[in-house]
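Reading through the structure tokens given below for one structure.
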Amino acid sequence: MGSTMSKRHGATRATGHTDVEMPAGTDAEAARWALRLQRGLDARERAAFEAWLVEDAAHAEALSAMQDTARRLRAMSGTQLAAARPARRAWLRRVGLPAAGAAGLAVVAGGGWLAWQGRDDGLGAPWRVATARGEIRPIALPDGSQLVLDTQTQVDVRYGEHGREITVHEGQGWLSVQADPARPLVVHAGGLRIAVVGTQFTVRHTRSGLDAGGVRVVVEAGRVRVRRAQPGWRELVGESGLRDVSLSVGQAYVLDASGRSGVVPAPASGATALWREGRLDFEDTPLAQALEEFGRYGVTGAVIKEPAIGAWRVGGSYSLRNLAGFLAALAQQLPVQVEQGATGVFEIRAL
521 MGSTMSKRHG ATRATGHTDV EMPAGTDAEA ARWALRLQRG LDARERAAFE
571 AWLVEDAAHA EALSAMQDTA RRLRAMSGTQ LAAARPARRA WLRRVGLPAA
621 GAAGLAVVAG GGWLAWQGRD DGLGAPWRVA TARGEIRPIA LPDGSQLVLD
671 TQTQVDVRYG EHGREITVHE GQGWLSVQAD PARPLVVHAG GLRIAVVGTQ
721 FTVRHTRSGL DAGGVRVVVE AGRVRVRRAQ PGWRELVGES GLRDVSLSVG
771 QAYVLDASGR SGVVPAPASG ATALWREGRL DFEDTPLAQA LEEFGRYGVT
821 GAVIKEPAIG AWRVGGSYSL RNLAGFLAAL AQQLPVQVEQ GATGVFEIRA
871 L
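Just so you know, this note's numbering puts the end of the sequence shown at 871, numbered straight through with nothing missing.
Here it is as structure tokens:
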């Protein structure tokens, strides 16, 4: 049976099913719709939902934000969630929302927090792993999969009876995933969701160096499915124009900092994972980005004295611990000179 929507005291109210009135405000409305989308909409509800979305552009933004907040809160530790529980209970009493009603959704409407109490995804608390500058660390995962973290990388790992999940907050990782069709591994990185069963691939999401601000996924073995995260309300109701992109060996998926995305050929010879062997590979890379990439592993002690030089392109494979070798090779590729100043800093100038 459907439900009807009405306005009262500035708050949208749903009648029918088990919905209850929520506090006024876009955040509260978005939270209620997020809950009902989880349950499923009939034709009348869907029409009301679409009308709400077109009423104000802020509605779609608020709905997307609620989805993102829910995902982040699911990654919180038990201690952090316990600390938030008293405020959640007080709010429930104030608005008269029963714990069993509305599937246990709790929202602080002032732009605060949201928790999906009734949704048990079968995953445990996140296991946070991070590497320091210059550190590369191999990690054995509980199912026998292998994860290698690059320098300055931070990830959360969650494993449970019903799923496997890794969130890459910053950095780069290489994964060799044990096949388990009943528990596909899902990797979240920036604006991408990567689903795999058994494969080997690299995922990169960094703030500096190559592909700064974006995400890159490169497949070395098997296949992966990539999807843009948080595409909007149509994704929530199963009507998204976006589809999973299937990648196979020799393919990469790139989402750049401006939001453009697409499938591109993977670098030859697995160059994107050469960092596991202590090397960096550049192909038509701006000099400034190449120096930033070296800087992720240690202090470079090199500066570009003329901004225009930073856009000049370089190539080649170099030891990530040997910046001096890279600087020596620059003169073979570019019309530049490299001189070490009195302070020990290498200065790069045009000839």
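Cβ coordinates follow ideal geometry from the N, Cα and C atoms, glycine included.
Check: Which partner residues of His495 appear in the DSSP bridge assignment?; Outcome: Here the chain covers residues 521 to 871 and nothing more, so residue 495 does not appear.
Check: Do you know how far the Cα of Tyr679 is from the Cα of Ala645?; Outcome: 8 Å
Check: Per the contact definition of three or more C-beta pairs closer than 8 Å, is the segment 798 to 816 in contact with the segment 834 to 845?; Outcome: yes
Check: What residue range does the beta strand (DSSP E) around Tyr681 cover?; Outcome: Strictly speaking, residue 681 in this sequence is Glu, with Tyr absent from that position. Counting along the chain, Glu681 falls outside any beta strand (DSSP E), and DSSP gives it neither H nor E.
Check: Using 8 Å as the Cβ pair cut-off and three pairs as the minimum, do the segment 721 to 728 and the segment 679 to 695 touch?; Outcome: yes
Check: Look at the alpha carbon of Pro855 and the alpha carbon of Val735, and state the distance between them as a whole number of angstroms.; Outcome: 32 Å
Check: Does the contact criterion of 3 or more C-beta pairs under 8 Å hold for the segment 810 to 821 versus the segment 701 to 714?; Outcome: no
Check: So, using beta-carbon positions, are Val697 and Val716 closer together than 8 Å?; Outcome: yes
Check: Going by the DSSP bridge assignment, what does Thr722 pair with across the sheet?; Outcome: Trp694 and Val738
Check: Can you have a look at Ala626 and say buried or exposed, based on whether 16 or more other CB atoms are within 10 angstroms of its CB?; Outcome: In this prediction, Ala626 has a pLDDT of 40, which is less than 50 and means its spatial position is unreliable; what the coordinates show is noted afterwards. Counting Cβ neighbours within 10 Å, Ala626 comes out buried, since at least 16 surround it.
Check: For Ser837, which option in Ala793, Phe866, Glu867 and Ala777 has the closest C-alpha, if you only look at C-alpha atoms?; Outcome: Ala793
Check: When you compare only the Cα positions, how much space is there between Asp547 and Ala567?; Outcome: 20 Å
Check: Any idea if Ser665 is buried or exposed, counting beta-carbon neighbours within 10 angstroms, 16 or more meaning buried?; Outcome: buried
Check: Tell me where the alpha helix (DSSP H) around Glu859 begins and ends.; Outcome: Here Glu859 belongs to no alpha helix (DSSP H); instead the beta strand (DSSP E) covers Val856 to Gln860.
Check: Per DSSP, which one or two residues make a beta bridge with Tyr773?; Outcome: Val737 and Val783
Check: Quick one, are the C-beta atoms of Ile656 and Val675 less than 8 Å apart?; Outcome: no
Check: Go to Gln853, then tell me how far its alpha helix (DSSP H) extends in each direction, as first and last residue.; Outcome: Leu843 to Gln853
Check: Note down the Cα distance separating Ala544 from Ala582, rounded to an integer number of angstroms.; Outcome: Residue confidence is low: Ala544 scores 45 on pLDDT, short of 50, so the model does not pin down where it sits. Its coordinate-derived value is still stated next. Whole-angstrom Cα-Cα distance: 14 Å.
Check: From what residue to what residue does the alpha helix (DSSP H) around Gln809 run?; Outcome: Leu807 to Gly815
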